[in-house]
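> Residue numbers (the numbering used here), protein chains in the order written: chain C, 1 to 348; chain B, 1 to 348. Note that beta-carbon positions come from the ideal geometry of N, C-alpha and C, so glycine has one too. Handing you this structure, nothing more for now.
Protein chains: 2
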Amino acid sequence: MAETTRPEPRYGNRPTMKDVAARAGVGLKTVSRVVNGEPGVTPETERRVREAIEALGFRRNDSARVLRKGRTATIGLVLEDLADPFYGQLSRAVEEVARAHGTLLINGSSAEDPGREQELALTLCARRVDGLIVIPAGDDHRYLEPEIRAGVATVFADRPAGLIEADAVLSDSFGGAREGVAHLIAHGHRRIGFIGDRPRIHTAAERLRGYRAAMDDAGLPVDERWVAPGSTDPERVAAAVAGMLSGPEPVTALFAGNNRVTVTAVRVLAERTDRGGPPPVALVGFDDIELGDVLGVTVIAQDPAAVGRTAAQQLFRRLDGAAEAPRQVVIGTRLLARGSGELPPSSR
Amino acid sequence: MAETTRPEPRYGNRPTMKDVAARAGVGLKTVSRVVNGEPGVTPETERRVREAIEALGFRRNDSARVLRKGRTATIGLVLEDLADPFYGQLSRAVEEVARAHGTLLINGSSAEDPGREQELALTLCARRVDGLIVIPAGDDHRYLEPEIRAGVATVFADRPAGLIEADAVLSDSFGGAREGVAHLIAHGHRRIGFIGDRPRIHTAAERLRGYRAAMDDAGLPVDERWVAPGSTDPERVAAAVAGMLSGPEPVTALFAGNNRVTVTAVRVLAERTDRGGPPPVALVGFDDIELGDVLGVTVIAQDPAAVGRTAAQQLFRRLDGAAEAPRQVVIGTRLLARGSGELPPSSR
DNA sequence: CCCCTCGGGGACAACGTTGTCCAGGCTCTA
DNA sequence: TAGAGCCTGGACAACGTTGTCCCCGAGGGG
């Protein structure tokens, strides 16, 4: 027994090209030629090889292929939570672009945990993805520097990179929020509440900045009790809404900083109305929600598919060798007026 | 120049263990020992190796590792459309189980195209995933037989496998639909419409069967004009709804066969009501939708996360060597009464 | 003081594929 | 008919890692 290694079940003992070659009575390289559609094989030989492949149920081992060729034809996408429709659509758009380039996509969720983001991104690098699209959870991406230097094309989406220079594709959070709040002001509101995600998150900070800019543009003061940045946890959001609507000078309108906040706000406001309670409160949300049209919720709509598509296209441009300086692309937002944002201030 | 091959940029010339070994002044295997936390390395040597790793930005090449070890620590998930919240949640649940097992998940969308399902599944097999979870788009999975025989653990989710024996985790489509339709009957409806997905899809057929069973249980006849299986395309669904609500004997209630149909139905019915039109129509949908509570839509709720989690757990049981006969697990559904399903029949 | 043991470290082969190079047989032409 | 290609097919090395085996040096006991 000269046999040495053989560690485990070994892919359940799959046939290799060598086995196919033996069965077809040809050389190893000839099988490789057939499998890869390379020229230089007689039809008769090819037939024999294909027969053997069929009979043995052979399938080429891509790990070995990758090792030899140096390219994996794979890109990675690190996102926040696949169960969030926003990221689902974004991911899907990336997948389609990848597919068009004959490339496989691996996506994973960071669950908004910077540590997990890093772990995931580096795992993907160890698998030697050709490129990486990252939707940041953290705000320090220096850990990616060695990878980028080693040739992993990297594009950030939805939020910019932290502490490194890199391509990024973003939605216009600042402009969108400013427009949404201005819309409320145009409909007569003066006391407007802002409920957003943690300001450590770039988009959340930008939206808050847009809110303040719109108020400032109109010469309106901002009472800090109207501003509630923090987690998107439904309980926290519900409490914030309740807080802003109580007291001597309640807000007459709300701006919700993202789709999860909007959903909770809609729910809370609906309960309030069901109880035959106080007059309705105007609402504009950042990012569209499903059935928003039916519910009559006015939103600043982002285009997650466009963000994903654009990021993927930029990534493939880099993979094709584009070497310009890193650039930021901003995807515009659209105000969809559906009723909730056009309510006049209640008379108290 | 004895150098021969060197095909392409080669991962951008990443350092290998050999480079690390050279820099640290140790043997190749010693680096491997450090990287894998194997015993038999002096602290001093380990320190030198780690320093070299850091300095060079070395990261182990998992392709080579996989080739050598024979296990990829990767599973694949073939689903229909990642942008659909149902699959997003399912995928996320699978991801969490995989993560707990130190395994990476690769998911891809078949776009409901059987050809794409097969292409994707076989691509994943070529990458030597250890296991595969498939949400079928097609109804013939014999193409997977060689893979399964070769040792790829395979579990089907949401829909059973076609023409092969395999584990499957399903929602109770038949029972759920039957319960939903019975609910409408209990609220006085006699003419109930069914709008579902293409009956080639197993779950769609089961739900239609559940509809018929409930009608039959109550001794009610089914007019074939009330039954509209087909695509979930909004236009088709809208037309079907319109058709059922017109004519001399319109239906007084609708059962929607899945979340996409429900969404369109809600939208169409809302428009009808906005126009101050005819009396409301009762609606029960299969599968929950976002904000269904706010909208007051009665649904038969599935638990996509439970389906995904259960399928993943079964997969890992197989990977751990479980060898019982293939088995089907059925996850129950829950009726959530929220108003739309409790409306009485309109008096015309 | 010598031998034996033990433990750290290194040489080597092998995983399955693909790129290079060459051998042999064929055809075509001078 | 012989020489010059051309076409088919195969031998071999290399990709980066890990498993096996062995060597060498230090330390302890006889």
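Which chain C residues are close to Leu104/B, counting only those with a beta carbon under 8 Å from its beta carbon?
Ordered by position in chain C, the residues that pass the 8 Å Cβ test against Leu104/B are Ile106, Gly108, Thr123 and Arg127.
> Along chain B, in chain order, which residues have C-beta atoms closer than 9 Å to that of Asp81/C?
Near Asp81/C (Cβ distances below 9 Å), the residues of chain B are Gly88 and Arg92.
> In this structure, does DSSP put Ile148/B in helix, strand or coil?
Helix, per DSSP.
> Does any CB atom of chain B fall closer than 7 Å to the CB of Arg159/C?
Chain B, which has no Cβ nearer than 7 Å to the Cβ of Arg159/C, makes this no.
> Helix, strand or coil: how does DSSP classify Ser383/C here?
The displayed coordinates of chain C run from 1 to 348. Any statement about residue 383/C would go beyond what the structure contains.
> Could you spell out the range, first to last residue, of the alpha helix (DSSP H) harbouring Gln89/B?
First-last of the alpha helix (DSSP H) with Gln89/B: Pro85 to Ala100.
> Comparing alpha-carbon positions, which option in Leu343/C, Val263/C, Pro221/C and Val31/C lies nearest Val353/C?
There is simply no residue 353/C to check, as chain C begins at 1 and stops at 348 in what is shown.
> Determine, for Leu291/B, whether the minimum Cβ-Cβ distance to residues of chain C falls below 7 Å.
Output row for Leu291/B: interface = yes.
> Touch check for the segment 302–321 of chain B and the segment 270–284 of chain B: three-plus C-beta pairs under 8 Å?
Not touching, per the Cβ criterion.
> In its own chain, which residues sit with a C-beta less than 6 Å from the C-beta of Tyr143/C, not counting the 5 before and 5 after it?
Only Gln118 meet the Cβ criterion.
> Any Cβ of chain B within less than 7 Å of the Cβ of Glu115/C?
Sequence inspection shows Gly at residue 115/C; the Glu mentioned does not correspond to that position. For Gly115/C, the answer is no, since every Cβ of chain B falls outside 7 Å of its Cβ.
> Quick check: the Cα distance between Met244/B and Pro250/B, rounded to an integer number of angstroms?
Taking the straight line from one Cα to the other gives about 6 Å.
> Tell me where the beta strand (DSSP E) around Thr74/B begins and ends.
Note, Thr74/B: beta strand (DSSP E), Thr74 to Leu79.
> Which whole-angstrom value is the C-beta distance of Leu170/C and Ile300/C, which I expect to be below 8 Å?
At roughly 14 Å, the Cβ-Cβ gap does not stay under 8 Å, so Leu170/C and Ile300/C are not in contact.
> Which bits of chain C does Asn61/B rub up against, with CB to CB less than 8 Å?
Neighbours of Asn61/B on chain C, chain order: Leu67, Ala126 and Arg128.
> Is Pro43/B helix, strand or coil by DSSP?
Looking at Pro43/B - three-state DSSP - the assignment turns out to be helix.
> Suppose the cutoff is 7 Å on Cβ atoms and the five residues either side in sequence are ignored; what does the same chain contact list for Ala238/B look like?
Cβ within range, chain order: Thr264 and Val268.
> Is it the case that the Cβ atoms of Arg338/B and Val297/B are separated by a distance below 7 Å?
Closer than 7 Å, so yes.
> Just to make sure I have the definition right: I need the residues of chain C whose C-beta is within less than 8 Å of the C-beta of Arg50/B. Which are they?
Ordered by position in chain C, no residue passes the 8 Å Cβ test against Arg50/B, which lies about 14 Å from the chain.
> With DSSP collapsed to three states, give me the class of Leu291/C.
Three-state DSSP puts Leu291/C in coil, outside helix and strand.
> Assuming contact is defined by CB atoms lying nearer than 7 Å, are Leu120/C and Val78/C in contact in what I supplied?
Taking 7 Å as the Cβ cut-off, Leu120/C and Val78/C qualify as a contacting pair.
> Looking only at DSSP bridge pairs, what is Gly193/B linked to?
Gly193/B is bridged to Leu254/B.
> Could you give the C-beta distance for Val307/B and Asp158/B, rounded to a whole number, given that I count them as a contact under 8 Å?
With a Cβ gap of about 6 Å, Val307/B and Asp158/B count as contacting.
> Can you tell me which of the three DSSP states Arg334/B falls into?
Residue state, collapsed to three classes: strand.
> Does Tyr85/B come within less than 7 Å of chain C when only Cβ atoms are used?
It is Pro, not Tyr, that sits at residue 85/B in the sequence shown. With 7 Å as the cut-off, Pro85/B counts as an interface residue toward chain C.
> Please list the terminal residues of the continuous beta strand (DSSP E) segment that includes Leu283/B.
Here the beta strand (DSSP E) through Leu283/B covers Ala282 to Phe286.
> Just the C-alpha distance for Glu54/B and Pro146/C, rounded to the nearest angstrom, thanks.
Computed Cα separation, rounded: 10 Å.
> Using 8 Å as the Cβ pair cut-off and three pairs as the minimum, do the segment 250–259 of chain C and the segment 222–237 of chain B touch?
Counting Cβ pairs under 8 Å, fewer than three are found: no touch.
> Give the straight-line distance between the Cα atoms of Pro344/B and Ala182/B, rounded to the nearest whole angstrom.
Cα-Cα distance, rounded: 14 Å.
> By a C-beta neighbour count over all protein chains shown, 10 Å radius and 16 as the cutoff for buried, is Gly176/B buried or exposed?
Classification for Gly176/B: buried.
> Quick check: what's the CA-CA separation for Arg59/B versus Glu44/B?
Cα-Cα distance, rounded: 21 Å.
> Listing by chain order, which chain C residues have their CB less than 8 Å from the CB of Leu336/B?
None at all; the shortest Cβ gap to chain C is about 15 Å.
> With 7 Å as the threshold, decide whether the Cβ of Val299/C is near any Cβ in chain B.
Chain B contact via Cβ: absent.
> Return the bridge partner residues of Ile300/C from the DSSP annotation.
Per DSSP, Phe286/C and Leu335/C.
> Tell me, please, whether the CB atom of Val261/C is closer than 7 Å to any CB atom in chain B?
It does not; no Cβ of chain B falls within 7 Å.
> In this structure, what does DSSP give as the bridge partners for Val129/B?
DSSP, once it has assigned bridges, lists no residue as partnering Val129/B.
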